[in-house]
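In what follows, a single structure is set out as structure tokens and then discussed.
Number of protein chains: 2
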Amino acid sequence: MDISEVVKRSGVSASALRYYERRGLIRSLTDTGTRRRFAPTVLDHLALIALGQAAGFSLDEIRLMFTPDGSVALDRNMIAAKADELERLVKRLESMIEGLRHAAVCPAPRHSECPSFQKLLRAATSGALERRERSGKDEAQVSRPSGVATIGRRKAR
Amino acid sequence: MDISEVVKRSGVSASALRYYERRGLIRSLTDTGTRRRFAPTVLDHLALIALGQAAGFSLDEIRLMFTPDGSVALDRNMIAAKADELERLVKRLESMIEGLRHAAVCPAPRHSECPSFQKLLRAATSGALERRERSGKDEAQVSRPSGVATIGRRKAR
DNA sequence: ATAAAAGTTGAAGTCAACTTCAAGTCAAGC
DNA sequence: GCTTGACTTGAAGTTGACTTCAACTTTTAT
Numbered sequence: 001m002d003i004s005e006v007v008k009r010s011g012v013s014a015s016a017l018r019y020y021e022r023r024g025l026i027r028s029l030t031d032t033g034t035r036r037r038f039a040p041t042v043l044d045h046l047a048l049i050a051l052g053q054a055a056g057f058s059l060d061e062i063r064l065m066f067t068p069d070g071s072v073a074l075d076r077n078m079i080a081a082k083a084d085e086l087e088r089l090v091k092r093l094e095s096m097i098e099g100l101r102h103a104a105v106c107p108a109p110r111h112s113e114c115p116s117f118q119k120l121l122r123a124a125t126s127g128a129l130e131r132r133e134r135s136g137k138d139e140a141q142v143s144r145p146s147g148v149a150t151i152g153r154r155k156a157r
Numbered sequence: 001m002d003i004s005e006v007v008k009r010s011g012v013s014a015s016a017l018r019y020y021e022r023r024g025l026i027r028s029l030t031d032t033g034t035r036r037r038f039a040p041t042v043l044d045h046l047a048l049i050a051l052g053q054a055a056g057f058s059l060d061e062i063r064l065m066f067t068p069d070g071s072v073a074l075d076r077n078m079i080a081a082k083a084d085e086l087e088r089l090v091k092r093l094e095s096m097i098e099g100l101r102h103a104a105v106c107p108a109p110r111h112s113e114c115p116s117f118q119k120l121l122r123a124a125t126s127g128a129l130e131r132r133e134r135s136g137k138d139e140a141q142v143s144r145p146s147g148v149a150t151i152g153r154r155k156a157r
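Respectively, the protein sequence lines represent chains A and B. According to full-length UniProt numbering, the first sequence holds residues 1 to 157 in order. According to full-length UniProt numbering, the second sequence holds residues 1 to 157 in order.
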């Protein structure tokens, strides 16, 4: 398959494919300068990459999921750790959702006077809640996507 | 309070405080060149900023939560929309966790032969799962934090 | 045969939220 | 009065995952 075929079938952009190749996540059968040709298995690889990203793995971590010959070899401890991590994240998000929903209907004239809101604030500042990141521009949908909190404190220094 | 006092009490770094001030999220009583003095209410502001960040709002969005005079004025529709968004995210994360847990114990010699894993892959590639971001270095904990998927497709353009 | 479309490369740009740096200012203790 | 140490500023650097650009080369269609 040529690159445009892979783009069509995978939904991954050509520049991302080239980037993945440079980073060692996928391979193509190519002499430099000529056009890339991909084996059909690249689609499976891209699927695993997408899965890994959705689960919160970095590209470096995802690369470890492939053996040098290109087959899949998941580190089960790594996977389980990520699942645990996601679970903790979900718990925090759930209390966050509850708090936000309350804030949206709270009858108190000022949120600073509402006990539930105070509790939310304390949960956000003390304890485990931390930085988050967010993506760039999105398209013409009404509701905008966003990123989500990470766990764990950053070092001051 | 001077800046070091705010750093101590809030846990927010001095450079972040200056950054927030430049971005218009907090205010200080200062003639340029001299040292910043913060009113005690800055701590409440910082708490709200931390909450907003944990919920996935950008700094620009968080700025909208403050009126020009510095009091809090939450847009309830915005809050409710964010709660909905987090809820969708949680649902996706939950199926992701389930899939990961399965992958970690799956008896199939190759994941590509496991039907549950196939299903996970399909869920990750087709449909709503998208890019994610992740934070920088973290401290000496065993398990590493990470970011999480966002919703919504980016334009090919 | 040739023009346009599609592909190639390395380098630089993007985004958000900060951090780090360099160079200078100010304040407090001895 | 002078050395620290805390603070100030604007500018530039960081991170991850890409995208965009400029300048070419290669196919494909006419």
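We put the beta carbon where it would ideally sit given N, CA and C, even for glycine.
DSSP has residue i in a bridge; who is on the other side?
| i | result |
| --- | --- |
| valine 72(A) | Phe66(A) |
Residue i: which of the options sits nearest, CA to CA?
| i | options | result |
| --- | --- | --- |
| alanine 83(B) | Ala73(B), Ile62(B), Ala55(B), Ala14(B) | Ala55(B) |
| glutamate 85(B) | Arg88(A), Arg76(A), Met96(A), Leu51(A) | Met96(A) |
| methionine 78(A) | Val12(B), Leu59(B), Arg22(B), Leu100(B) | Leu100(B) |
| histidine 45(B) | Arg9(B), Ala80(B), Arg122(B) | Arg9(B) |
| alanine 16(B) | Ala50(B), Thr34(B), Arg122(B), Asp69(B) | Ala50(B) |
| aspartate 60(B) | Asp69(B), Val7(B), Tyr20(B) | Tyr20(B) |
| alanine 39(B) | Glu5(B), Arg92(B), His102(B), Ala80(B) | Glu5(B) |
| aspartate 75(A) | His102(B), Phe66(B), Asp69(B) | His102(B) |
| glycine 70(B) | Glu98(B), Phe57(B), Ser58(B), Thr41(B) | Thr41(B) |
| phenylalanine 66(B) | Lys119(B), Phe57(B), Ile26(B) | Ile26(B) |
Which chain A residues sit within Cβ distance under 8 Å of residue i?
| i | result |
| --- | --- |
| alanine 16(B) | The premise fails here: alanine 16(B) is roughly 10 Å from chain A at the closest Cβ pair, so nothing lies under 8 Å. |
| residue 158(B) | Given a span of 1 to 157 for chain B in the structure shown, any question on residue 158(B) remains unanswerable. |
In chain B, which residues lie less than 7 Å from residue i when you measure between Cβ atoms?
| i | result |
| --- | --- |
| methionine 96(A) | Ala54, Ala55, Leu86 |
| isoleucine 79(A) | Leu100, Ala103, Ala104 |
Please list, in chain order, all residues of the same chain as residue i whose beta carbon is under 7 Å from its beta carbon, the five residues on each side excluded.
| i | result |
| --- | --- |
| threonine 32(B) | none |
Please state if the CB of residue j and the CB of residue i are separated by a distance shorter than 8 Å.
| i | j | result |
| --- | --- | --- |
| glutamate 94(A) | valine 90(B) | yes |
| leucine 48(B) | valine 12(B) | no |
| arginine 22(A) | serine 28(A) | no |
| alanine 80(B) | alanine 104(A) | yes |
Beta-carbon within less than 6 Å of residue i's beta-carbon, same chain only, minus the 5 sequence neighbours each way: which residues are those?
| i | result |
| --- | --- |
| glycine 52(A) | Ile62 |
| glycine 24(B) | Arg63 |
| leucine 120(B) | Gly99 |
| serine 58(A) | none |
| isoleucine 92(B) | Before going further, note that residue 92(B) is arginine rather than isoleucine in the sequence given. Correct list: empty, nothing qualifies. |
| proline 68(B) | none |
Interface residues of chain B around residue i at Cβ under 8 Å?
| i | result |
| --- | --- |
| valine 90(A) | Val90, Leu93, Glu94, Ile97 |
| alanine 39(A) | Chain B residues near alanine 39(A): none, gap ~14 Å exceeds 8 Å. |
Got a sec? Which residues, its chain only, sit under 8 Å from residue i by beta carbon, not counting five neighbours each side?
| i | result |
| --- | --- |
| cysteine 106(A) | Cys114, Ser116, Phe117 |
| arginine 35(B) | Asp2, Ile3 |
| glutamate 139(A) | Legend: pLDDT at glutamate 139(A) = 33, less than 50; position of this residue unreliable, value from coordinates given subsequently. There are no such residues. |
| leucine 43(A) | Val6, Arg9, Ser10 |
| glycine 127(B) | Caution applies to glycine 127(B), whose pLDDT of 46 falls short of 50 and renders its modelled position unreliable; the model cannot decide the point. |
| threonine 30(A) | Arg36, Arg37 |
Report the neighbours of residue i on chain A: residues whose CB is nearer than 7 Å to its CB, in chain order.
| i | result |
| --- | --- |
| lysine 8(B) | Going along chain A, no residue has its Cβ under 7 Å from lysine 8(B), so there is no contact; the nearest lies around 11 Å. |
| lysine 119(B) | Neighbours of lysine 119(B) on chain A: none; closest Cβ ~11 Å, over 7 Å. |
| leucine 48(B) | Leu121 |
Applying a beta-carbon distance threshold of less than 9 Å, which residues of chain A neighbour residue i?
| i | result |
| --- | --- |
| arginine 76(B) | Ala103, Ala104, Val105, Cys106 |
| leucine 64(B) | In chain order: nothing, as chain A lies at least about 13 Å away. |
Anything in chain B within Cβ reach of residue i, meaning under 9 Å, just list it in chain order.
| i | result |
| --- | --- |
| leucine 29(A) | Near leucine 29(A) there are no residues of chain B at all, since even the closest Cβ is about 21 Å away, more than 9 Å. |
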